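In our numbering, the protein residues as written are 1154 to 1515. We treat Cβ as the ideally placed atom computed from N, Cα and C, and that holds for glycine. Small disclaimer: the values here were computed from a predicted structure and weren't measured. Input: a single structure, listed below in structure tokens.
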């Protein structure tokens, strides 16, 4: 059966341009022809398709039972017809016969072409999905092509992605033609092309930027332990060095602050505190409240809580504007943090001691 030379040319072009697996495409073609055969004859039971790409030939075979009288010409054949094909044929035998083009019909060929193109489109979508699914959690670069209802659409060479409003850095400006770097947050399957969702507000975006700017992090000698971020405002990054001779904070800041400044520029001026991680919870919590310098930290393991005592003149610094500093410290350390001045802590302690005395007396 011939589908026309133009069909094969288009098929080869699609395979090359879209970098599709030829075997997968041929299998899709085979299934499509079986589907078209079923549409033409009402069944595809016993049907088989052979495809020779080099010779641009498609052969369709069906299995027919040898009978005395044919009631179903699709699945049955007379003994005389069978003997013409196979001299030793006898009643009850099953013989595989090639379906002639005129039997298959012009309409069936058209249906085959439609289904084939759909199969190829699905194969292309699968390639796209697998390609971008493998990039989840990575940095990607594209160009802004349109903005609709606040959502920013970014074009890559072979697909369009979306940066939703909730994944944008608050206050950041976007315009058509802007080259944009983002974090590939998620890839979802749809009935059309895969939906590629980007983010510039995710903590992972900040982590990938550090890996890009700080070779020691990329190499694994310096590790980012945790990140707390309020996009567009401030972030805290806890780092640790696996080698005593390497200063993790210095590595992140870079010579004359070049490395950290490049990251800040990418984030449109977002402030970044780099905190030295410690396996000692009290020490880690104290450092997380930088730039405040706590007097002491009391860890209550059973409540997973840290009571931090700070000098009165640093109380507001420890809390931060609208509670931002302590809020980020909580996210960074995963400890509940209660900031107190020495006076507040003493009064609270005295109150609890009085309550204990009253309890005993009762």
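Terminal residues of the beta strand (DSSP E) in which residue i lies
| i | result |
| --- | --- |
| residue 1409 | Segment: none, residue 1409 is in no beta strand (DSSP E) and carries neither H nor E. |
| residue 1250 | 1247-1251 |
| residue 1361 | Premise fails: residue 1361 lies in the alpha helix (DSSP H), 1356-1366, not in any beta strand (DSSP E). |
| residue 1303 | No beta strand (DSSP E) contains residue 1303, which DSSP labels as neither H nor E. |
| residue 1244 | Element bounds for residue 1244: n/a, residue is neither H nor E. |
| residue 1376 | 1375-1383 |
| residue 1350 | 1348-1352 |
| residue 1313 | 1313-1316 |
DSSP-derived helix/strand/coil call for residue i
| i | result |
| --- | --- |
| residue 1429 | strand |
| residue 1205 | strand |
| residue 1275 | helix |
| residue 1228 | coil |
| residue 1322 | coil |
| residue 1221 | coil |
| residue 1391 | strand |
| residue 1164 | helix |
| residue 1329 | coil |
| residue 1238 | helix |
| residue 1170 | helix |
| residue 1339 | strand |
| residue 1386 | coil |
| residue 1291 | coil |
Contact under 8 Å by Cβ, residue i with residue j
| i | j | result |
| --- | --- | --- |
| residue 1318 | residue 1303 | yes |
| residue 1374 | residue 1402 | no |
| residue 1232 | residue 1221 | yes |
| residue 1295 | residue 1309 | yes |
| residue 1486 | residue 1441 | yes |
| residue 1477 | residue 1387 | yes |
| residue 1202 | residue 1285 | no |
| residue 1238 | residue 1213 | no |
| residue 1377 | residue 1360 | yes |
| residue 1223 | residue 1200 | no |
| residue 1115 | residue 1347 | This structure does not reach residue 1115, given that the chain is present from 1154 up to 1515, and the question cannot be answered. |
| residue 1128 | residue 1416 | The shown model of the chain, from 1154 to 1515, leaves out residue 1128, and the question about it has no answer. |
| residue 1276 | residue 1177 | yes |
Inter-residue spacing [alpha-carbon to alpha-carbon] between residue i and residue j
| i | j | result |
| --- | --- | --- |
| residue 1491 | residue 1351 | 36 Å |
| residue 1411 | residue 1482 | 25 Å |
| residue 1438 | residue 1280 | 46 Å |
| residue 1430 | residue 1370 | 14 Å |
| residue 1342 | residue 1173 | 18 Å |
| residue 1289 | residue 1362 | 15 Å |
| residue 1194 | residue 1234 | 20 Å |
| residue 1356 | residue 1204 | 51 Å |
| residue 1226 | residue 1182 | 26 Å |
| residue 1396 | residue 1385 | 32 Å |
| residue 1379 | residue 1393 | 10 Å |
| residue 1463 | residue 1443 | 11 Å |
| residue 1471 | residue 1391 | 17 Å |
| residue 1179 | residue 1218 | 29 Å |
| residue 1405 | residue 1427 | 8 Å |
| residue 1209 | residue 1236 | 30 Å |
Where the alpha helix (DSSP H) through residue i begins and ends
| i | result |
| --- | --- |
| residue 1194 | 1175-1194 |
| residue 1399 | Residue 1399 -> no alpha helix (DSSP H), and no H or E assigned at all. |
* Completely contained alpha helix (DSSP H) runs for the region 1415-1501, where each covers 4 or more residues -> 1434-1441, 1468-1472, 1477-1486
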